[in-house]
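Start counting at 1 in the sequence shown, then tack on 14, and there's your number in the numbering used here.
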Amino acid sequence: MNDGQVKTETSEENHQAEQSQSWSQSTEISTSNLPEFESLQQRLRDDPHDAESWKRLVACAEDSGETEKIRTVYESLLQQYPHTSQAQIAYINHFLHKQSTFNEAEELFKRYLKVSPSVDLCRFYLTYVRRINTDPATRDIIRKSYEFALSLVGQDKDAGDIWYDYWQLLKSGQTSSTWEEQQKNDAIRKVLHRAVQIPLDNVEKLWGELETFENNIGRVTAKKFMQDLSPGYMQAKAALRELIKHTAPLYPPATQTKPDTPPSEFFLPSIPSFTSSERQNVGRWKSYLKWEESNPLMLEDKDKATLIARIQSAYRKATIRMRYFPEIWFMSYKWTTSIGKNDEAVAQLKSGIEANPSSYVLNFALAEALEARKEFTEVHAVYEKFISVLRDELTALDNADKARAASQAASAAAEGDPMTVERSTEQTNGDSSANAPFLLSEEFKERRKEFGITYISYMRFVRRAQGVNASRPIFGKARKDPFTPWQVYESAALMEYHCSGEKDVAVRIFERGMSLFGNDKDYVLRYLGFLITVNDSNNARALFERVIGTFQPAEARDLWDRWARYENQYGDLETVQKLEKRMADVYPSESPIKRFASRYTYLNIDAIAARDLGFARAKKEISPTNTLANVNASSSSGVDSSVSHGGTSTGQSLKRQPGDDFSGGRARRRGGGEDRDRDHGYKRQRARSPSRERYDGPSRRRSPDRGRKAGGQGDGAERDREREREREEDKPVMLHTSLSWFISQLPDKSTFDGPVFRTDDLMSLLRNAVIPSSSNRPRASSPSAPSRSSGGRPPPDYGPYQGPNSARGGRRNWS
15 MNDGQVKTET SEENHQAEQS QSWSQSTEIS TSNLPEFESL QQRLRDDPHD AESWKRLVAC
75 AEDSGETEKI RTVYESLLQQ YPHTSQAQIA YINHFLHKQS TFNEAEELFK RYLKVSPSVD
135 LCRFYLTYVR RINTDPATRD IIRKSYEFAL SLVGQDKDAG DIWYDYWQLL KSGQTSSTWE
195 EQQKNDAIRK VLHRAVQIPL DNVEKLWGEL ETFENNIGRV TAKKFMQDLS PGYMQAKAAL
255 RELIKHTAPL YPPATQTKPD TPPSEFFLPS IPSFTSSERQ NVGRWKSYLK WEESNPLMLE
315 DKDKATLIAR IQSAYRKATI RMRYFPEIWF MSYKWTTSIG KNDEAVAQLK SGIEANPSSY
375 VLNFALAEAL EARKEFTEVH AVYEKFISVL RDELTALDNA DKARAASQAA SAAAEGDPMT
435 VERSTEQTNG DSSANAPFLL SEEFKERRKE FGITYISYMR FVRRAQGVNA SRPIFGKARK
495 DPFTPWQVYE SAALMEYHCS GEKDVAVRIF ERGMSLFGND KDYVLRYLGF LITVNDSNNA
555 RALFERVIGT FQPAEARDLW DRWARYENQY GDLETVQKLE KRMADVYPSE SPIKRFASRY
615 TYLNIDAIAA RDLGFARAKK EISPTNTLAN VNASSSSGVD SSVSHGGTST GQSLKRQPGD
675 DFSGGRARRR GGGEDRDRDH GYKRQRARSP SRERYDGPSR RRSPDRGRKA GGQGDGAERD
735 REREREREED KPVMLHTSLS WFISQLPDKS TFDGPVFRTD DLMSLLRNAV IPSSSNRPRA
795 SSPSAPSRSS GGRPPPDYGP YQGPNSARGG RRNWS
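Written out as structure tokens, the structure reads:
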């Protein structure tokens, strides 16, 4: 090594050749005496992210003592987990036992030091430099090596011992003249002045050494220097405390080793499952990175290079530790772009994709960055590779579904169920997307939809870069892909219509999709909406009549509503009335006033419900401004607050609909008998559109045998018990007025298009929330208010609700 310092210049071609060694080459090595080694190799071919198997494989290779085997294993490991400093140190250490292999160790130092600098690796490198440079004449070589290491990791919190060793090296230097002594003092002062303004883990110790050093030279100059450095030192101390708070949860306790030996084991990240703890860890890293970006050391513009170096180091550690979290890579890319280093930002994305080949955010970001640079050929390559990766994943999921179906068929055959055997056999042998709808897992369905986003984005890129005509071959590829969802067809059709004005081409694309997805209600609904939008009423009517009979009434409801809304707005009265009669035949239990009112509703304006059915008043009565006492007073008075119209009533809340009479706790349709009530009672829905909630009334499901015992020959006690059970079951559910009002304001679930939150994470956040104590509030000594004459004070009024056993509202039923 020239001058004892590792040269950072290395051949990129040699580096790529070393990293591109295929894992299959390792099988050529004789491992007949290590069967565990071979089994671990096979396991890692199937699952290269198995961190524990990697560690065990490294241990087997080291136990064998064969240099070639060790080299092959570490090269493969560092190709899967690059920038893992502990593994790099362990690898290099195998070539430091004999002087004949020092050259190979130096080549490895050249490969790793600048590409993946770390405090551990730099410390190991300095130990090696001091080991081979023992002659006093080589002190300058060691000094340059320290400067080189500090230029890489000097801003790291854990580099304090390197700064301290460097100061000790300079302090121990021998001088033979006053000039040399002055040069030595200047060098020491320069190093310590730099160190005490960095939040190092031993910054206080370095400050004490600096103070002693300056006082020994001269108290007058010492006072001036210390005063000038004091603000920077105090800022570093404060930043160190915050830095420790941020980083302490991010790293496990480091394994203690001797300075001249590598760590005993190394950390390898694993594929995340996005559990609550993993998401919390991501949040900690994001908080730390944002803190570093906030310039906690208050560095000025002249120190901008130092600030950038600090943030780069933080992101480098984050992407190593959180290698399989695309969100961290994307943050690194955006920050690198913000400082104008676009080439480095693109390299960050490519490294992130190497670790996460199926990441949507990283692949889309890389395609967009390359498109902005007009590198269209590279963008095509990105999309083609990404689609190939996703297709392989979908194929694996599809095969797993088929294997599960085959297993179910075998189990059914063993149990003697011929119907299940026949169905499972057909699904296993048929196409996964068309012939086996019951075979597909929910995960496969979701992943298939997401897969379509890639083709859609690819077509958009080609349309922007080369025009609509160039995007058509991309759609042609998507049509041949067995995993392409219907969203790709719709996107291609709309692109043709909006970008080229080719309505006929768009219709042909939709029709081609009908041959594949005609049994998908959502696709048909989108196609019908398109025809209505382009004012093609004839084809829209033909499509509706063609498909409406192929769906069950419950599934076809959205199609009926969409077509009815179109006819109500733009059709003639005779057509509207005929359509209404057809809907009445399909949905006989639906309230007639609901269908009628829908013809006179626009957007969310429903005057019939608000004025004729009393919903405007009912909404006011349950508003949060009203007190619970008012509601209790109206309910206890025995007066039915519902507003009736033509056999309908509003009920006591918006959840009680005007289609049914809720008197007596039963949802009984007026004008009909008891049997009709039981046959046509409405089942309570979890989420309903506003128009349906106004006119459809939920009711409890009742047993068809209920009430028969009362007319039978059972004894009187049995009949009384049965009636009592009926009364208990038919008691209405009472909700607090504020809660009822809030639920009534919620939109229909179909309108939600935002992000989906993990309920477990949200509940954990609420569960762990720290709520300030209200101990300073006056409390009553008993549920009843104390007498004023006895000197007591009435309890404060905290609002309409004071708990489930409130003195105002009495005991409430919250079931």
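No residue lacks a Cβ here, since even glycine has one placed at the ideal position from N, Cα and C.
| Check | Outcome |
| --- | --- |
| Looking at the secondary structure, which residues open and close the alpha helix (DSSP H) in which C74 lies? | 65–78 |
| Whose C-alpha, out of M248, T261, R335, is nearest the C-alpha of M312? | M248 |
| Would you tell me roughly how many angstroms separate the C-alpha atoms of D172 and A209, rounded to the nearest one? | 12 Å |
| Which first and last residues belong to the alpha helix (DSSP H) in which P340 is found? | 340–352 |
| Checking 7 Å against the spacing of the C-beta atoms, do F339 and V296 come in under that value? | yes |
| So, under 8 Å CB-CB, Y265 and N216 are touching, yes? Tell me the CB distance rounded to an integer number of Å. | Going by Cβ atoms, the distance from Y265 to N216 rounds to 18 Å, so no, they are not a contact pair. |
| Put Y616 into one of helix, strand or coil per three-state DSSP. | strand |
| For S352, which residues of its own chain have a beta-carbon under 7 Å away from its beta-carbon, when the five flanking residues on both sides are left out? | none |
| Whose C-beta lies closer than 6 Å to the C-beta of I488 among residues of the same chain, with five residues either side of it excluded? | Y472, M473, V476 |
| Measure the alpha-carbon distance for Y584 versus R613 and round it to whole angstroms. | 11 Å |
| What residues in its chain sit with their C-beta under 7 Å from that of L545, if we drop five residues either side in the sequence? | N553, A554, L557 |
| Put F51 into one of helix, strand or coil per three-state DSSP. | helix |
| With respect to the alpha helix (DSSP H) encompassing E118, which residues constitute its N-terminal and C-terminal limits? | 116–126 |
| Just how far apart, CA to CA, sit S655 and I622? | Because the pLDDT at S655 is just 37, under 50, the model does not fix this residue reliably, and the value given afterwards should be weighed accordingly. Distance between the alpha carbons of S655 and I622: 18 Å. |
| Would you say A262 and I212 are within 7 Å of each other, going by their C-beta atoms? | no |
| Mind reading off the beta-carbon distance from D406 to F458? Whole number of angstroms is fine, and I expect it under 8 Å. | Wrong, their Cβ atoms sit about 14 Å apart, outside the cutoff. |
| If contact is defined by three or more beta carbon pairs under 8 Å, each pair taking one atom from either stretch, is the segment 298–305 in contact with the segment 114–129? | no |
| Does DSSP classify P150 as helix, strand or coil? | helix |
| The alpha helix (DSSP H) that contains Q94, what's its start and end? | 81–94 |
| Are the segment 585–596 and the segment 616–636 touching by the rule of at least three beta carbon pairs closer than 8 Å? | no |
| Excluding the 5 residues flanking L411 on each side, which residues of the same chain have their C-beta closer than 6 Å to its C-beta? | F458 |
| What ranges does the alpha helix (DSSP H) occupy inside the segment 485–529, keeping only unbroken runs of at least 4 residues that lie completely in it? | 500–509 |
| Using the Cα positions of L184 and P283, report the straight-line distance between them to the nearest angstrom. | 39 Å |
| Buried or exposed: R144, going by 16 or more other Cβ atoms within 10 Å of its Cβ? | buried |
| Put Q566 into one of helix, strand or coil per three-state DSSP. | coil |
| If distances are taken between C-alpha atoms only, which option among R576, P567, E525 comes closest to G543? | R576 |
| In the DSSP assignment, find the alpha helix (DSSP H) that holds D179 and state where it starts and stops. | 174–185 |
| Use the C-beta contact count for K463: other C-beta atoms within 10 angstroms, 16 or more gives buried, fewer gives exposed. | exposed |
| Helix, strand or coil: which one does DSSP assign to H841? | There is simply no residue 841 to check, as the chain begins at 15 and stops at 829 in what is shown. |
| Would a C-beta distance cut-off of 7 Å place A507 and F524 closer than the cut-off? | yes |
| I need the straight-line Cα distance from E228 to Q326, nearest angstrom please. | 33 Å |
| Helix or strand or just coil, what does DSSP make of L110? | coil |
| Tell me whether H394 sits in a helix, a strand or coil according to DSSP, three-state version. | helix |
| Near D64, which residues of its chain fall below 7 Å by C-beta distance, leaving aside the five closest residues on each side in sequence? | R57, L58 |
| Might you give, ordered along the chain, the residues of its own chain that have their beta carbon closer than 7 Å to the beta carbon of R298, omitting 5 neighbours on each side? | P263, L264 |
| Reducing DSSP to helix, strand and coil, say where I285 ends up. | coil |
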